[in-house]
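Numbering (this note's numbering), first residue to last: 514 to 790.
Below you can see the structure in the form of structure tokens.
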């Protein structure tokens, strides 16, 4: 089964849901906020569009999903107040894989718009002109018509690969890159990331309007060594736990052969960075 059909964050709003366990992601969005706001400011001041299309790629579900859209709308509202111009309409595209909990997002929209109107000091106008669309699908392919999106945002999503790299047969006992992984495994992850990210950029270049912007935040590392403890320690611990679970089930006459469990991530970037494009 393809990764796009099975991979997703834990839905709902319960104790084990992504919505209740995404404080790190919220902090990253906060750190990147000045860059995101600068991108929108330069975009709006240079183009003065009557409609602004924003796409959040890898939006997941929970309180962080609408956070970026809210901040960007406030940025434009502030500019319009300063210039004495009318606030444009906003089209917000929320993209994630088909298994994402879009229903929870849609149920939160009414309260989100109510809060946004209050923050903007508008009874009905400003936030009422914000339209939301769920876009299920992989961002490693085309998602939107040509020249249709003003600003793309993606936070902590592009380290996920489109597929399990080929050539991992020699990575026995591991679920990702590890200190014991042979060089061919590291190369396989590296090349898969290159193919995926190149395709991502090609697709977005066709969908962006002239003078459009992208703000992309990656999970990365400081070390030059992709198999260093900084990158691999937590995955090695997880691999040990999973292998022990499989061993226990085997002793309990669980006959299914589970040889490898892979995590479709590749932390290739050298550090945790925000890339405005």
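Where is the CB? At the ideal position from N, CA and C, for every residue including glycine. Just so we're clear, the structure is a prediction, and the values are computed from it rather than from any experiment.
Residue i: first and last residue of the uninterrupted alpha helix (DSSP H) it sits in
{"i": "residue 685", "result": "Taken as a continuous stretch (DSSP letters only), residue 685 belongs to no alpha helix (DSSP H), as it is neither H nor E."}
Assigned exposure category for residue i - 16 Cβ within 10 Å defines buried
{"i": "residue 724", "result": "exposed"}
{"i": "residue 567", "result": "buried"}
{"i": "residue 624", "result": "exposed"}
{"i": "residue 578", "result": "buried"}
{"i": "residue 752", "result": "buried"}
{"i": "residue 761", "result": "exposed"}
{"i": "residue 620", "result": "exposed"}
{"i": "residue 590", "result": "buried"}
{"i": "residue 609", "result": "buried"}
{"i": "residue 758", "result": "exposed"}
{"i": "residue 823", "result": "No information on residue 823 is available, as it lies outside the stretch 514 to 790 that the chain covers here."}
{"i": "residue 560", "result": "exposed"}
{"i": "residue 582", "result": "buried"}
{"i": "residue 650", "result": "exposed"}
{"i": "residue 542", "result": "buried"}
{"i": "residue 689", "result": "buried"}
{"i": "residue 611", "result": "exposed"}
{"i": "residue 552", "result": "buried"}
{"i": "residue 749", "result": "buried"}
{"i": "residue 672", "result": "buried"}
{"i": "residue 739", "result": "buried"}
{"i": "residue 747", "result": "exposed"}
Which of helix, strand or coil DSSP assigns to residue i
{"i": "residue 717", "result": "helix"}
{"i": "residue 691", "result": "coil"}
{"i": "residue 735", "result": "coil"}
{"i": "residue 675", "result": "coil"}
{"i": "residue 599", "result": "coil"}
{"i": "residue 580", "result": "helix"}
{"i": "residue 754", "result": "helix"}
{"i": "residue 574", "result": "coil"}
Residues bridged to residue i (per DSSP)
{"i": "residue 564", "result": "602"}
{"i": "residue 569", "result": "607, 666"}
**Q.** Uninterrupted beta strand (DSSP E) stretches inside the region 608-666 (no shorter than 3 residues)
**A.** 643-649
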